[in-house]
Structures are given as structure tokens and as C-alpha cells.
Amino acid sequence: MNYSNSTNVPKSSLKLFKITVIILLLFFGIVCNGLALWVFCCKMKKWKVTVIYMVNLIISDILILMTFPFQLYDYFSTSKLENNLCKASISFYVMNTYMSIFTITIISADRYLAIRFPVRSKRWRSPGKAVGICCIVWLFQISLSIMLTLRLDYIIPVCFQKVSNTPNPMFLLFAVVGFTVPLIIISFCTVQVIRTLYSKEKRDVNEQRSVRKSINIILSNMVVFVICFLPIHMGYTIRFVAETVKVTDQTLEQIKRFIDVAISMAHSNCVLDSLCYYFVAGEFWKASDLSPRIIYSNIKKKSLVTD
């Protein structure tokens, strides 16, 4: 068994952990996102602004899942991915990861506008404008992906790994533009939405319960975002600083191990995102015919017909 000098965790155990996580997330991600996409596209009669953004999020998550088989092949096979296929897979993964982050940010901003300015926001929020915003973000992400592909020989000489100890500002850019800025926006919107909900007059117990539920959902979305994406971008920043000041190889190895685990946490967002479809979209369960109330009602109707 191959052990690293810098840690007690064997490399083979870390590799097994990463492979197991990818396989599990691939299975549950396809099931959850596939179900959500089917409901939104086939069962919902009218697409509202939030639904458009969520469909965009589903698409980006599914496209991320499509890169998992290539990562598994790279882990299992002794013959590594062909260079151009490797470049395409990495660019595809990075593009859709940040598409997912930016879409989550847009959903937070849209929710803030809808709750904080319910009347004025009607002029700014429409299905057509939502589609336009999604298209603009996709164009930005595709441009970023092309730029990344052209620089991949320098950044990642081995597929899905950065083996060079040369600091690269691209990773710092990912941490700042791809995570820190969205985190600031999401944090601001979350705080403002919660303050607005708390300040509203609650007329009855049901309304109080509804407000508490909304706040719990918003906080849960925020926590999931931080848990999934903070470790990996913190790892990028630490590695950039460590490579710049030229720390020891042992320290760099520890940082790389941390990043390996953090990447698996970032992968999990593909599944955790799907949970918000079920809680945030009010019409989701109604449209899916899968809510416990509707299932019970259907069973009751069938039993009456049988009797």
C-alpha cells in the first residue's frame, strides 16, 4: 500500500473514498435531477421566474454529472484520457460548476427582489428576462471555458490533477470571482430576506409557521452552499499562497490531500441542489403527483372505486 510521508492516510484509501463518492453521487444525482427535470418540463403547466432558474440549475448539475464517468475512467484506467478529451472534460466540469454557483446566486438575488420589493420587482422579474439572464451567464461561462481550455497544458498537465508546484493566478481568480463575490451577494440577500420576513406582521399561527419554514429553507440553502464550495476555494487560495512562498513538499502534499476531499464535497452539490427543488418550488409536489397528500388521495380514490 502506498503511504504518503506527510499523512497517515494511505493514497489508496483516499482514491477509494473519491471513487465511492463519485459513484454514489452519480447515481443519486441522476435520479434526483432527472426526476426534477421531468416534473418541471413535463408536469408544470406554467413556468415562473423561479422555475426557469431552477431548470437552469438542474441542467448545469446534470452536465457536471456527465463528467463523472470520465473522472472514474481516469482513476481506474492505466491508459489515461486522451489529451483533447481530458481538456474538454475539465473545461466542461469547471464551466458547469461555476454555472451552478452563479445560478444559485441569481436565485438568491431574485428571491431578495421578490420579497424585499414585491411591487417594484414585477417590472424587473419576468420569464423572458429570466431566460435572457441565463443566456448571458451561459455565454460568459462558455467564454471562460474556452480560455481555460487554451491554458490547460500549463495549468493541469495531468488530467483532473494539478501536479505542478508553480503558482497559477487562475485558481485565485476562481476563488475570488467564482466563490467570494457570489458568497457576498448570497449572504447579503439571505440576511435582507430574513429581516424582511421577520418584520412582516404575522396575522395567524399558519402565517407564522410559513415564515419560519421559509427562513429555515433560506438558511439551509446558504449552509449547503458554504459547506459545498467554501473548502475547495479555501484550498485553492491556500495552495496558491503556499506555492508562491515555496513551502515544503510535505506541506504541499497535505494541502493537495485537503483539496482532494474538498472536491468531493463540491461534487455533492449536484445532489444537494436537488433538495431545494422539493422545498423551494411550491408547485413541485403538486405537479409531480408525488406528494404524500396526493398519493394518499389517489390510493383512497382507487380503494373507493374497487369497493
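No gaps in the numbering here: position 119 of the sequence shown is 119 in UniProt numbering, and each next residue is one more. Just so you know, even glycine gets a beta-carbon here, dropped at the ideal spot from N, CA and C.
Does the beta carbon of residue i fall short of 8 angstroms from some heavy atom of the ligand MG?
i: Phe140; result: In the structure shown, the ligand MG is absent, as is every other ligand, since no ligand is present at all.
What did DSSP end up calling residue i once you bin it into helix, strand or coil?
i: Asn168; result: coil
i: Pro118; result: coil
i: Glu283; result: Summary for Glu283: the model assigns pLDDT 47, below 50, so the residue's position carries little reliability; its value from the coordinates is reported in the next sentence. It is coil, neither helix nor strand.
i: Met147; result: helix
i: Glu82; result: coil
i: Thr67; result: coil
i: Val193; result: helix
i: Lys213; result: helix
i: Ser268; result: coil
i: Thr248; result: coil
i: Lys18; result: helix
i: Lys256; result: helix
i: Met44; result: coil
i: Arg111; result: helix
i: Arg125; result: coil
i: Ile62; result: helix
Would residue i and residue j qualify as a contact pair, given that the criterion is a beta-carbon distance under 9 angstroms?
i: Ile238; j: Phe258; result: yes
i: Phe17; j: Ser264; result: yes
i: Phe70; j: Ser100; result: no
i: Cys134; j: Tyr198; result: no
i: Leu25; j: Cys270; result: yes
i: Gln141; j: Met170; result: no
i: Thr196; j: Ile255; result: no
i: Ile30; j: Ile62; result: yes
Whose C-beta lies closer than 7 angstroms to the C-beta of residue i among residues of the same chain, with five residues either side of it excluded?
i: Tyr93; result: Ile64 and Thr67
i: Thr166; result: Glu243
i: Thr306; result: Residue placement at Thr306 cannot be trusted, given a pLDDT of 46 that sits under 50; what the coordinates show is reported in the next sentence. If we look at Thr306 and ignore the five residues flanking it on each side, it has no Cβ neighbours.
i: Leu113; result: Ser121, Trp124 and Arg125
i: Ala130; result: Val49, Ile52 and Tyr53
i: Cys32; result: Val271 and Ser274
i: Ser214; result: Leu197
i: Lys301; result: Unreliable positioning characterises Lys301 in this predicted model, as indicated by a pLDDT of 46, which lies under 50. The coordinate reading is nonetheless provided below. None.
State the CB to CB distance for the pair residue i and residue j, rounded to an integer number of angstroms; the pair is presumed to be in contact (CB under 8 angstroms).
i: Ser108; j: Ser145; result: In fact, because the Cβ distance is near 24 angstroms, the residues do not count as touching under 8 angstroms.
i: Ile194; j: Ile218; result: 6 angstroms
i: Ser274; j: Ala36; result: 5 angstroms
i: Leu14; j: Asp260; result: 6 angstroms
i: Ile19; j: Leu72; result: 7 angstroms
i: Phe240; j: Leu148; result: That belief does not hold up - the Cβ atoms of Phe240 and Leu148 are roughly 16 angstroms apart, past 8 angstroms.
i: Asp110; j: Arg120; result: At roughly 13 angstroms, the Cβ-Cβ gap does not stay under 8 angstroms, so Asp110 and Arg120 are not in contact.
i: Ile185; j: Phe225; result: Actually they do not touch by this definition, with Cβ atoms about 11 angstroms apart.
i: Ala266; j: Thr103; result: Actually they are not in contact, since the Cβ atoms of Ala266 and Thr103 sit about 15 angstroms apart, beyond 8 angstroms.
Residue i: buried (16+ other C-beta within 10 angstroms of its C-beta) or exposed?
i: Thr105; result: buried
i: Cys42; result: exposed
i: Pro118; result: exposed
i: Ile58; result: buried
i: Asn2; result: Because Asn2 sits at a pLDDT of 38, beneath the cut-off of 50, its placement in the model cannot be relied upon, and the point is left open.
i: Ser143; result: exposed
i: Ser60; result: buried
i: Phe76; result: exposed
i: Ile136; result: exposed
i: Asn83; result: exposed
i: Trp55; result: For the sequence presented, residue 55 should be read as Val rather than Trp. Buried, since its Cβ has 16 or more Cβ neighbours within 10 Å.
i: Lys87; result: buried
i: Pro182; result: buried
Residues in the same chain with beta-carbon distance under 6 angstroms from residue i, minus the five sequence neighbours each way, listed in chain order, please.
i: Ala262; result: Pro231, Ile232 and Gly235
i: Phe179; result: Phe229 and His233
i: Met222; result: Thr190
Output needed for residue i: all residues of its chain with C-beta closer than 8 angstroms, excluding positions within five of it in sequence on either side, in chain order.
i: Phe28; result: Val271
i: Leu252; result: Asn165, Arg239, Ala242 and Glu243
i: Pro127; result: Trp47, Lys48, Val49 and Ile52
Establish whether the CB of residue i and some CB of chain C are separated by less than 9 angstroms.
i: Pro169; result: This model lacks chain C altogether, as it is built from one protein chain only.
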